[in-house]
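Numbered by full-length UniProt numbering, the letters in the sequence shown go through residues 1 to 271 in order.
Ideal placement from N, C-alpha and C gives every residue a C-beta, glycine not left out.
Note that this is a predicted model, so its numbers are computed, not measured.
Worksheet: the structure to be examined is printed underneath.
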Amino acid sequence: MPPLGSLSARDVLDIGLVTFLVYQAYMLVVGTRAVNVVRGILVFAGVWVAAQLLGLTTLSYLLGRAGTVGLFALIVLFQPELRGALERVGRPRGREASGGAALQDLARALERLAERKTGALIAIERRTPLGEYADTGVRLDAVVSVPFLEALFARNAPLHDGGVIVQGSRVVAAGCLFPLQAGDGTYRRYGTRHRAAIGLSELTDAVVLIASEERGSMRIALGGRLGPDLNGTELREQLRALVYDQPDSPPKNRKGDTPPEPEDILPPERA
Numbered sequence: 001m002p003p004l005g006s007l008s009a010r011d012v013l014d015i016g017l018v019t020f021l022v023y024q025a026y027m028l029v030v031g032t033r034a035v036n037v038v039r040g041i042l043v044f045a046g047v048w049v050a051a052q053l054l055g056l057t058t059l060s061y062l063l064g065r066a067g068t069v070g071l072f073a074l075i076v077l078f079q080p081e082l083r084g085a086l087e088r089v090g091r092p093r094g095r096e097a098s099g100g101a102a103l104q105d106l107a108r109a110l111e112r113l114a115e116r117k118t119g120a121l122i123a124i125e126r127r128t129p130l131g132e133y134a135d136t137g138v139r140l141d142a143v144v145s146v147p148f149l150e151a152l153f154a155r156n157a158p159l160h161d162g163g164v165i166v167q168g169s170r171v172v173a174a175g176c177l178f179p180l181q182a183g184d185g186t187y188r189r190y191g192t193r194h195r196a197a198i199g200l201s202e203l204t205d206a207v208v209l210i211a212s213e214e215r216g217s218m219r220i221a222l223g224g225r226l227g228p229d230l231n232g233t234e235l236r237e238q239l240r241a242l243v244y245d246q247p248d249s250p251p252k253n254r255k256g257d258t259p260p261e262p263e264d265i266l267p268p269e270r271a
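This is the structure in structure tokens:
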């Protein structure tokens, strides 16, 4: 490395680009379960370097071999996260967020569906494309509106049992199948609709809205976690913050809030 006083413009550019790439890599994993794995890798690497510096030959050999095997194991284990990260890197910037009118219609539609105890599952696309999940349903290209969403989720409607995907101010697909929440036991007693919302939010950064068929409540799933019951005002505020500001942290429970009793929202034969 050249002395500080002899740094050229090329050296400054090199350092700046490396700093930018490290920062972007950090932003890809922050707020996800992968951040804990990164911390573990750093600790492992630190022990390995220390073993080499101290001349601990056997320990260095074992850690080196374990690191080689562990690298391939991590690629297999975190394949969904790696795919999501690459999608976020390749996604065009500056994509227009959902308009205020579309968000208002989404909130109002979910509110009316919940009042009638009509189950609903709506995924709002953010940075991660949801095209592969849209392909499992019926492709549409319709403007978001309260009557249209109510018709999609009406009881006995052909597309009632499935999720709706919203992209910007358009409904791009309905009757979609979302992946169920991974079986870590946290939400295993919840109904199919809730677990599908959590499952999709685990694999993507989508904001997933759920209207309960049993309790008439409204909730948001984000980042693999299920938020608290919301009223209409709270739903609008959270949607505005999540869609426009696009934070990666899931909604937090309010103080004193307790999760509702588990419910079988979609019976197995209708899921």
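**Study point:** First through last residue of the beta strand (DSSP E) which encompasses ASP141
**Key:** 138-143
Review point. Looking only at its own chain, which residues have a Cβ that is under 7 Å from the Cβ of VAL43, when we skip the five neighbours before and after it?
Key: none
Review point. Closest by CA to VAL207, which one among GLY70, VAL49, ARG215 and HIS194?
Key: HIS194
Check your understanding: Does the beta-carbon of ILE75 have 16 or more other beta-carbons within 10 angstroms, so that it is buried, or is it exposed?
Key -> exposed
Check your understanding: In whole angstroms, what separates the C-alpha of GLU125 from that of GLN52?
Key -> 47 Å
Check your understanding: Going straight from the alpha carbon of GLU214 to that of ARG127, what length do you get?
Key -> 32 Å
Exercise for review: Could you say which of ASP11, GLU115 and LEU209 lies nearest to ALA221 if we only look at CA atoms?
Suggested key: LEU209
Practice item. Give the range of the alpha helix (DSSP H) segment to which GLY131 is assigned. Key: 131-134
**Study point:** Residue span of the beta strand (DSSP E) that contains ARG219, given as start and end
**Key:** 218-222
Check your understanding: What do you reckon, are the CB atoms on residue 348 and ASP229 nearer than 8 Å?
Key -> Nothing in the structure corresponds to residue 348, since the chain is present only between 1 and 271.
Check your understanding: On the three-state DSSP scale, how would you describe LEU7?
Key -> coil
Exercise for review: Give a yes or no on whether 8 Å exceeds the smallest Cβ distance from CYS176 to chain C.
Suggested key: You won't find chain C in this structure, because it holds only one protein chain.
**Study point:** Start-to-end residues for the alpha helix (DSSP H) that takes in GLY163
**Key:** Careful: GLY163 lies outside any alpha helix (DSSP H), inside the beta strand (DSSP E) at 163-167.
Review point. Since ARG170 sits in a beta bridge, which residues does DSSP pair it with?
Key: VAL143 and GLN167
Check your understanding: When you compare only the Cα positions, how much space is there between VAL47 and ALA66?
Key -> 12 Å
Review point. Is it true that the stretch 198-207 meets the stretch 102-114, where meeting means three or more beta-carbon pairs spaced less than 8 Å apart?
Key: no
**Study point:** Segment limits, beta strand (DSSP E) that includes ALA197
**Key:** Premise fails: ALA197 lies in the alpha helix (DSSP H), 192-203, not in any beta strand (DSSP E).
Point to revise | Extent of the continuous alpha helix (DSSP H) run through ALA109 | key: 100-115
**Study point:** Distance, PHE72 Cα to PHE20 Cα
**Key:** 26 Å
Review point. Got a sec? Which residues, its chain only, sit under 6 Å from LEU177 by beta carbon, not counting five neighbours each side?
Key: THR136
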